[in-house]
Amino acid sequence: MSKLLHIDSSPLYGASISRELTAAFVAEWKTAHPDGAVIERDLNAVEIPPLTAAWAGAAYTPEEARTEEQKQELALSDTFFSELEEADEWVIGVPMHNFGIPSVLKLWIDQFVRVGKAFTYADGTPRGLLIGKKATFIVATGGVYDAGTPMAPYNHIEPYLRSIFGFLGVSDVTFLTAGGTMALRYGADRGEFLAPLLQAVEARAGQAAA
Ligand SMILES: Cc1cc2nc3c(=O)[nH]c(=O)nc-3n(C[C@H](O)[C@H](O)[C@H](O)COP(=O)(O)O)c2cc1C
Numbered sequence: 399m400s401k402l403l404h405i406d407s408s409p410l411y412g413a414s415i416s417r418e419l420t421a422a423f424v425a426e427w428k429t430a431h432p433d434g435a436v437i438e439r440d441l442n443a444v445e446i447p448p449l450t451a452a453w454a455g456a457a458y459t460p461e462e463a464r465t466e467e468q469k470q471e472l473a474l475s476d477t478f479f480s481e482l483e484e485a486d487e488w489v490i491g492v493p494m495h496n497f498g499i500p501s502v503l504k505l506w507i508d509q510f511v512r513v514g515k516a517f518t519y520a521d522g523t524p525r526g527l528l529i530g531k532k533a534t535f536i537v538a539t540g541g542v543y544d545a546g547t548p549m550a551p552y553n554h555i556e557p558y559l560r561s562i563f564g565f566l567g568v569s570d571v572t573f574l575t576a577g578g579t580m581a582l583r584y585g586a587d588r589g590e591f592l593a594p595l596l597q598a599v600e601a602r603a604g605q606a607a608a
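Sequential numbering of the sequence shown, starting at 399, is according to this note's numbering.
This is the structure we're talking about:
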């Protein structure tokens with residue numbers, strides 16, 4: 399049975415463009431996978447603590463030597479990792495905050511990127527262990543950061559996510575970007591703005607069915 403992991407990270411809920419687009423992806427994916435299952439993970443609805451020395455100590459202690467306290471320390475990390483591992487496909491909503499990813503998304507990444515689980519240095523060189531996954535990042539930005547535009551170098555979302563997920567072994571990565579959502583504040587029509595994006599999102603969600 400196919401499984402999709404649906405991640406959202408915009409605090410704006412009903413007003414959020416990335417949330418509306420990931421929801422459309424999920425709806426289309428469900429149509430294409432009538433027997434599939436969706437794991438929902440709303441990063442704004444769970445408290446994700448920043449990493450601590452105790453967390454790092456637990457992560458670098460071999461599993462069989464961990465104390466009960468250390469196991470507890472890694473419980474949320476284990477949950478996030480299992481969700482990623484269990485799903486074959488991921489759709490991840492990413493609002494741009496201060497030219498980068500939102501803090502809850504970074505906290506989530508910090509939780510599951512663990513040596514021996516998400517990557518290994520066992521043979522002397524780094525090797526990602528999250529292989530065979532299909533990832534779609536749906537990004538929403540107030541301004542426009544298209545390649546070749548003056549603002550393009552300010553977009554730290556795509557380079558960062560490509561680096562970290564590439565490092566973890568994820569090679570099938572697609573970015574769909576809703577650039578210029580700021581226009582909606584100045585009277586642009588939301589339906590008109592979303593129409594081509596919804597088409598691209600649905601095409602990708604359906605394509606993932608193949
Ligand atoms: C805290 C905050 C920081 C933002 N920083 C930027 C930014 O650096 N560049 C930009 O183009 N838009 C920025 N925006 C606008 C958002 O990227 C835009 O509203 C986008 O639609 C967010 O995605 P969402 O609608 O899914 O929440 C920011 C918005 C918020 C709330």
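Cβ atoms here follow ideal geometry from the backbone N, Cα and C, with glycine treated the same way.
From the options, pick the residue whose C-alpha is nearest to that of residue i; which is it?
| i | options | result |
| --- | --- | --- |
| residue 556 | 452, 448, 604, 495 | 495 |
| residue 538 | 551, 582, 509, 564 | 582 |
| residue 578 | 572, 405, 567, 590 | 590 |
| residue 460 | 477, 435, 413, 512 | 512 |
| residue 480 | 558, 420, 437, 419 | 437 |
| residue 446 | 405, 564, 475 | 475 |
| residue 568 | 543, 440, 525 | 525 |
| residue 554 | 504, 596, 428, 457 | 504 |
| residue 439 | 550, 482, 532, 497 | 482 |
| residue 462 | 514, 403, 484 | 514 |
| residue 563 | 544, 549, 542, 533 | 533 |
Return the first residue and the last residue of the beta strand (DSSP E) that residue i is part of.
| i | result |
| --- | --- |
| residue 564 | Counting along the chain, residue 564 falls outside any beta strand (DSSP E), though it belongs to the alpha helix (DSSP H) covering 555-565. |
| residue 473 | First-last for residue 473: 473-484, but that is the alpha helix (DSSP H), not the beta strand (DSSP E). |
| residue 410 | Residue 410 -> no beta strand (DSSP E), and no H or E assigned at all. |
| residue 574 | 570-577 |
Tell me the DSSP secondary structure of residue i in three-state form.
| i | result |
| --- | --- |
| residue 500 | coil |
| residue 594 | helix |
| residue 448 | coil |
| residue 514 | coil |
| residue 614 | There is no way to answer for residue 614, as the model of the chain reaches only from 399 to 608. |
| residue 606 | Residue placement at residue 606 is poorly supported in this model, since its pLDDT is 47, which falls under 50; the coordinates still yield a value, given next. Residue 606 falls in the coil class under three-state DSSP. |
| residue 588 | helix |
| residue 443 | coil |
| residue 458 | coil |
| residue 545 | coil |
| residue 531 | coil |
Let's see if you can read the secondary structure: which residues bound the alpha helix (DSSP H) around residue i?
| i | result |
| --- | --- |
| residue 582 | 580-583 |
| residue 424 | 415-430 |
Residues bridged to residue i by DSSP?
| i | result |
| --- | --- |
| residue 403 | 437, 488 |
| residue 493 | 538 |
| residue 526 | 517 |
What's the C-alpha gap between residue i and residue j?
| i | j | result |
| --- | --- | --- |
| residue 603 | residue 493 | 19 Å |
| residue 606 | residue 523 | Because the pLDDT at residue 606 is just 47, under 50, the model does not fix this residue reliably, and the point stays unresolved. |
| residue 608 | residue 529 | Confidence at residue 608 is low in this model, with a pLDDT of 42, below 50, so its placement is unreliable and the value that follows should be read with caution. Taking the straight line joining both Cα atoms gives about 18 Å. |
| residue 594 | residue 547 | 21 Å |
| residue 588 | residue 491 | 18 Å |
| residue 422 | residue 535 | 13 Å |
| residue 520 | residue 427 | 37 Å |
| residue 468 | residue 506 | 19 Å |
| residue 413 | residue 448 | 27 Å |
| residue 415 | residue 444 | 20 Å |
| residue 419 | residue 571 | 17 Å |
| residue 465 | residue 456 | 8 Å |
| residue 401 | residue 545 | 33 Å |
| residue 409 | residue 433 | 31 Å |
| residue 580 | residue 417 | 16 Å |
| residue 442 | residue 405 | 10 Å |
| residue 576 | residue 518 | 35 Å |
| residue 485 | residue 574 | 20 Å |
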